[in-house]
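Have a look at the structure below, then the notes.
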């Protein structure tokens, strides 16, 4: 029997990348425990809540890496939380690791619902998530989440409402239900700035921003206020919706916001009686469009009557309890994070610093 040395194991761990930073897990002090006993290797790996949707995958990757390096070994990898504080973003002072805008080229494609699904999927996985409703003219987030509680101030800071593991802020929480917001562009930008700067978001892994429909100036304002991680574009399968989705993609690109992927909503309908699939609005259009634009396709969300009912009743968080819908809803958030992980691992790692005494 060939004995395994701790040094050899640490040499392998040195090359294994943290999914959030793309740097070595040993460099980032994320190996919380290591035991090497003859032919047994046990590792306690610390991972951040930002990477929560890919914890299981990362654990499996490390197990496979160690088994490949030491075929004779019995390998056990356990994961636990590793704390890493987010940095403040620009002059706004927002502390969030990733800020993601969700947009669409037109209204009526379910953009707000997809924003909520993304935020809820991340939160359910274990991430710290905020959801900001920037659709000032038609704020839907409070209704979708069944929230009518009014925000309040502490030390001149707006306290976001917490519901379904999310911190949320929306104009819909500040104005009477049914009242219209009649503002010009500068007033919208002021409200957006206040939502970002004056809200006590706390330390977030992700801030999801539900954008107004179309290609207005909100995207330009956001790109100037904070360094956005990127954007997700929502569309439906039919050609007319895809044309508008392409415009949204081009708009984000023009203001230097990376497009992280496309989600196809209302993809198909499965009859509850015959269980047959019906492609009411055509089929596969968004995936084909994403491929042509060379952006990731994050997944599809089918037309399921219960999802519509949950959204109408302010119970959209309960959509994840639907066994038919859950795989689709969880896939879009998991694919979003996986795309971010992949891009970070492709970037050149930051150099290790040596502090001279």
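Numbering (this note's numbering), first residue to last: 1299 to 1655. Don't be surprised by glycine CBs; every beta carbon is placed ideally from N, CA and C.
Is it true that the CB of residue 1464 sits closer than 7 Å to the CB of residue 1449?
-> The residue you call residue 1449 lines up with position 151 of the chain shown. The residue you call residue 1464 lines up with position 166 of the chain shown. Result no, Cβ atoms of residue 1449 and residue 1464 do not sit closer than 7 Å.
Just the Cα atoms here: how many angstroms apart are residue 1524 and residue 1367?
-> Within the chain shown, the letter at position 226 stands for residue 1524. Within the chain shown, the letter at position 69 stands for residue 1367. So the alpha carbons of these two residues sit roughly 43 Å apart.
Curious, which full-length beta strand (DSSP E) runs of at least 3 residues does the region 1571-1637 contain?
-> 1595-1601
Give the DSSP-derived three-state secondary structure of residue 1361 in the structure shown.
-> Taking the first residue of the chain shown as 1, we reach residue 1361 at position 63. Three-state DSSP puts residue 1361 in a helix.
Within the same chain, show all residues whose beta-carbon is closer than 8 Å to that of residue 1537, passing over the 5 residues directly before and after it, in chain order.
-> Within the chain shown, numbered from 1, the residue matching residue 1537 stands at position 239. Correct list, in chain order: 1580 and 1583.
For residue 1508, which of 1593, 1588, 1530 and 1597 has the nearest alpha-carbon?
-> Mapped onto the chain shown, residue 1508 falls at position 210. The residue with the shortest Cα to Cα distance from residue 1508 is 1530.
Whole beta strand (DSSP E) elements within the region 1478-1533, 3-residue minimum = 1502-1508 and 1528-1533
Measure from the alpha carbon of residue 1370 to the alpha carbon of each residue in 1312, 1303 and 1358, then state which is nearest.
-> One-based indexing of the chain shown puts residue 1370 at position 72. The residue with the shortest Cα to Cα distance from residue 1370 is 1303.
Between the CA atoms of residue 1312 and residue 1333 - distance to the nearest angstrom | Numbered from 1 along the chain shown, position 35 holds the residue referred to as residue 1333. Numbered from 1 along the chain shown, position 14 holds the residue referred to as residue 1312. Whole-angstrom Cα-Cα distance: 16 Å.
Hey, which unbroken runs of the alpha helix (DSSP H) at 4 residues or more fall wholly within the region 1299-1342?
-> 1304-1312
What's the call for residue 1576, buried or exposed, on a 16-neighbour Cβ count within 10 Å?
-> As a working note, residue 1576 is residue 278 in the chain shown. Classification for residue 1576: exposed.
How many whole angstroms separate the CB atoms of residue 1565 and residue 1419, which I take to be in contact at a CB cut-off of 8 Å?
-> The count along the chain shown starts at 1 and reaches residue 1565 at position 267. The count along the chain shown starts at 1 and reaches residue 1419 at position 121. About 17 Å; that fails the 8 Å criterion.
When we look at the beta-carbon of residue 1349 and count the other beta-carbons within 10 Å, is it buried (16 or more) or exposed?
-> Stepping through the chain shown from its first residue, residue 1349 is reached at position 51. Buried, because 16 or more other Cβ atoms sit within 10 Å of the Cβ of residue 1349.
Got a sec? Which residues, its chain only, sit under 8 Å from residue 1504 by beta carbon, not counting five neighbours each side?
-> Indexing the chain shown from 1 puts residue 1504 at position 206. 1348, 1394, 1395, 1396, 1397, 1398, 1417, 1420, 1425, 1426, 1427 and 1428.
Whose C-alpha, out of 1620, 1534, 1589 and 1560, is nearest the C-alpha of residue 1578?
-> Counted from its first residue, the chain shown places residue 1578 at position 280. The option with the nearest alpha carbon to residue 1578 is 1534.
Rounded to whole angstroms, what's the CA-CA distance from residue 1356 to residue 1317? Just pull it up for me.
-> In the chain shown, the residue the question calls residue 1356 occupies position 58. In the chain shown, the residue the question calls residue 1317 occupies position 19. Roughly 8 Å between the two C-alpha positions.
Give the straight-line distance between the Cα atoms of residue 1600 and residue 1325, rounded to the nearest whole angstrom.
-> Locating residue 1600 in the chain shown gives position 302, where the first residue counts as 1. Locating residue 1325 in the chain shown gives position 27, where the first residue counts as 1. Distance between the alpha carbons of residue 1600 and residue 1325: 43 Å.
Simplified DSSP state of residue 1415, which is helix, strand or coil | Locating residue 1415 in the chain shown gives position 117, counting from the first residue. Looking at residue 1415 - three-state DSSP - the assignment turns out to be helix.
Flag residue 1604 as yes if its beta-carbon sits less than 7 Å from any beta-carbon of chain B, otherwise no.
-> Absent here is chain B; the protein component of the structure consists of one chain.
Cβ pair residue 1358, residue 1532 closer than 7 Å = Along the chain shown, read from residue 1 onward, the residue named residue 1358 stands at position 60. Along the chain shown, read from residue 1 onward, the residue named residue 1532 stands at position 234. It is not a contact, given that the beta carbons lie outside the stated cut-off.
Boundaries (first-last residue) of the beta strand (DSSP E) holding residue 1542 | Translated into positions along the chain shown, residue 1542 becomes position 244. No beta strand (DSSP E) holds residue 1542; the alpha helix (DSSP H) holding it covers 1537-1552.
In whole angstroms, what separates the C-alpha of residue 1561 from that of residue 1497?
-> Counting from 1 along the chain shown, the entry for residue 1561 is found at position 263. Counting from 1 along the chain shown, the entry for residue 1497 is found at position 199. Using only the alpha carbons, I get a separation of about 29 Å.
Relative to the alpha-carbon of residue 1410, which residue among 1608, 1437 and 1330 has its alpha-carbon at the smallest distance?
-> By 1-based counting over the chain shown, the position of residue 1410 is 112. Among 1608, 1437 and 1330, the Cα nearest to that of residue 1410 belongs to 1437.
Residue 1439, enclosing alpha helix (DSSP H) - first and last residue = On the chain shown, residue 1439 is found 141 positions in, with the first residue counted as 1. Run containing residue 1439: 1439-1442, per the alpha helix (DSSP H) assignment.
Return the first residue and the last residue of the beta strand (DSSP E) that residue 1376 is part of.
-> In the chain shown, counting from the first residue as 1, residue 1376 sits at position 78. Where residue 1376 is concerned, the enclosing beta strand (DSSP E) stretches over 1372-1379.
Span of the beta strand (DSSP E) holding residue 1567?
-> As a working mapping, residue 1567 is identified with position 269 in the chain shown. Where residue 1567 is concerned, the enclosing beta strand (DSSP E) stretches over 1557-1568.
Please report the residue range of the beta strand (DSSP E) in which residue 1385 lies.
-> Looking up residue 1385 in the chain shown gives position 87. Premise fails: residue 1385 is in no beta strand (DSSP E) and is neither H nor E.
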